[in-house]
Every structure is written in structure tokens, then in C-alpha cells.
Amino acid sequence: MSFKAVLFDFNGLIIQDELIGEQVLTEILLKENLLHDPQDYRRYCLGKSDRTGLKELLASKDRIISDANLTKLIKFKTEAYQQQLLNLEEIPIYPGLVDFLEEIQKRNLVMAIVTGALREEVKLVLAKTGINAYFQLIVAGDDLEASKPEPDSHLLALQRLKLFPQECLAIETTFSGIDAAKKAKIQVLGVANFYPVHMLQRRANWTVDRLSDLELDRLAEIFAKIDI
Numbered sequence: 000m001s002f003k004a005v006l007f008d009f010n011g012l013i014i015q016d017e018l019i020g021e022q023v024l025t026e027i028l029l030k031e032n033l034l035h036d037p038q039d040y041r042r043y044c045l046g047k048s049d050r051t052g053l054k055e056l057l058a059s060k061d062r063i064i065s066d067a068n069l070t071k072l073i074k075f076k077t078e079a080y081q082q083q084l085l086n087l088e089e090i091p092i093y094p095g096l097v098d099f100l101e102e103i104q105k106r107n108l109v110m111a112i113v114t115g116a117l118r119e120e121v122k123l124v125l126a127k128t129g130i131n132a133y134f135q136l137i138v139a140g141d142d143l144e145a146s147k148p149e150p151d152s153h154l155l156a157l158q159r160l161k162l163f164p165q166e167c168l169a170i171e172t173t174f175s176g177i178d179a180a181k182k183a184k185i186q187v188l189g190v191a192n193f194y195p196v197h198m199l200q201r202r203a204n205w206t207v208d209r210l211s212d213l214e215l216d217r218l219a220e221i222f223a224k225i226d227i
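Residue 0 is where the sequence shown starts when you use numbering that gives the first Met the number 0, and the numbers rise one by one after that.
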């Protein structure tokens, strides 16, 4: 099969926003009169949709919440997150990202974002960083009920792009993201932005320390040998 598309995660791959996410999560827990653990964000929210992450986090603290109140918390989180971004002079995207996007574009590969983040958050970041033109498709957390590590978002991306899994590369930074792509039968590159390479190697097809380490020409050769 030929190599036709790259499916990017968003938080922690495009935008370097872990600190923002942790700050907003702390605000939510204070609002709910719950204690904050420094590992809460990575343990429950990283790589997942807001609905799934918050629901699992609150359950871990023995807090039962109705769907209506969960929706209110998600709205609060979205507004707080966007305000944090708007307060920044410059959105913190990962070093080397734009050069990597340019290299992919030169090879006429389709680029899509497949994320648990809400669409309005993604569009805000893409617009403020000027990289929105690189991406032909966004599959966001508000498009689907199921969140990573379920494969629904990747499967929807394949459907909308009209591509086979064997024609795509998913780039992920979290265990839930890698597992989701693998369940969709997509080859996965793990980038060590959160976890060390040796931990990602247990799950991903390939791993790199940073995006710039990926050899796209070599990858295209590998894809050419993959059968449906």
C-alpha cells in the first residue's frame, strides 16, 4: 500500500499545553471541593476526551456526577482553557512542528487531526498559530461519544478521508492514543513528549524522541511493502 495520510493527535503533540491543562484541572477540583493530586492530569485526562477524563477522575475521588453537571464542568473547563490560551502572547506549539508539517506537505500527504479535544479548542489553536491550512480534516471529541483508547475517532477519520488503515500513519504521545490507533489497524508512531521511548516501544510500531527524528522517506518504503 502507498503512504497517503498522517493522523495527528493534538494535545501534547501539536500544542504544548500540559501545564495549562493541569492548571484548569486544579480550578475544576477546587470548584468541586476536591483535593488535587499532581498526577491527576496524566493519570485520567491525558489523551482522552474531556467527558471521559473528567468522569474517570471524579469517580476516582468517589464523586458521582450527573450528566447535566458533567456538561457544566466541561463548559467551565472549555472556557477556562480558551481564556488561558487567549491570555498568551504566543501559543506554545512543539519545536520543529512547522518544519515537520512542511516536509509532509512536500510529499503530498493528507494531514488530519484526530483528538479528544473539543473542536473549538483545536480551531482556536490552529488559527492563532497559523497552521490550520495544513490540515484537511479534524475529528474532535465532540464528534463522538466514545473516547480514546476506543478506535472510534480514528475509524471516523478513515471513513471521512476514504482511506484504508494501511495507508495511514497515526502519531500519538499517550498510551490511550496508541491503543486507539492500533485497534483501528493503523500503524502508530509514538513520540516521547510525555513518556520515555522504552515505554512507548511496548505499544507503538515505531518510536522517536521528537518528530524531527522521523525519516519520512524510509517510512514510505515500509508502507509500500504493506498488503491490505
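All residues carry an ideal CB built from backbone N, CA and C; glycine is no exception.
Query                                                                                                                                                                                 : Result
Excluding the five sequence neighbours on either side, which residues of its own chain have a C-beta within less than 7 Å of the C-beta of V109, listed in chain order?               : K3, A4, Q135 and L160
Which residue or residues does DSSP assign as beta-bridge partners of T206?                                                                                                           : G189
For the segment 82-127, which segments carrying the beta strand (DSSP E) assignment without a break, of at least 3 residues, lie completely within its bounds, in sequence order?     : 109-113
Using 10 angstroms around the beta-carbon of H197, count the other beta-carbons present and answer buried if the total reaches 16, otherwise exposed.                                 : exposed
Cβ atoms of A79 and V121: under 8 Å apart, would you say?                                                                                                                             : no
Helix, strand or coil for L143? Go by DSSP, reduced to three states.                                                                                                                  : coil
Are there three or more Cβ pairs, one per stretch, closer than 8 Å when the segment 38-50 is compared with the segment 137-157?                                                       : yes
With a CB to CB cut of under 7 Å and the five nearest residues on each side skipped, what residues in its chain are close to G95?                                                     : R209, L210 and S211
Under the DSSP definition of a beta bridge, which residues are partnered with A79?                                                                                                    : DSSP output for A79 lists no bridge partner at all.
Pairing CB atoms from the segment 168-176 with CB atoms from the segment 123-140, are three or more of them under 8 Å?                                                                : no
Let me check one thing: in DSSP terms, what residues is A132 bridge-paired to?                                                                                                        : Note: A132 sits in no beta bridge, so no partner.
Could you work out which residue in Q200, F99 and L155 is closest to D216 when comparing CA atoms only?                                                                               : F99
Can you give me the Cβ contacts of A116 inside the same chain, cut-off strictly under 7 Å, excluding the 5 residues immediately before and after it?                                  : F9, N10, A139 and G140
With a cut-off of 8 Å on the beta carbons, I'd call A156 and L28 a contact; round off their distance for me.                                                                          : Going by Cβ atoms, the distance from A156 to L28 rounds to 32 Å, so no, they are not a contact pair.
Can you give me the start and stop residues for the alpha helix (DSSP H) that A219 sits inside?                                                                                       : L215 to A223
Is V207 near V190, with beta carbons less than 8 Å apart?                                                                                                                             : yes
Do the CB positions of V124 and L72 come within less than 8 Å of each other?                                                                                                          : no
Give every residue of the same chain whose Cβ lies closer than 6 Å to the Cβ of L154, excluding the five residues on either side of it in the sequence, and list them in chain order. : A183
Reducing DSSP to helix, strand and coil, say where L168 ends up.                                                                                                                      : strand
In angstroms, rounded to a whole number, what distance separates the CA positions of T128 and Y93?                                                                                    : 11 Å
Identify whether I64 lies in helix, strand or coil by the three-state DSSP scheme.                                                                                                    : coil
In terms of residue numbering, what span does the alpha helix (DSSP H) encompassing L231 cover?                                                                                       : The structure shown does not extend to residue 231, since the chain spans only 0 to 227, so no value can be given for it.
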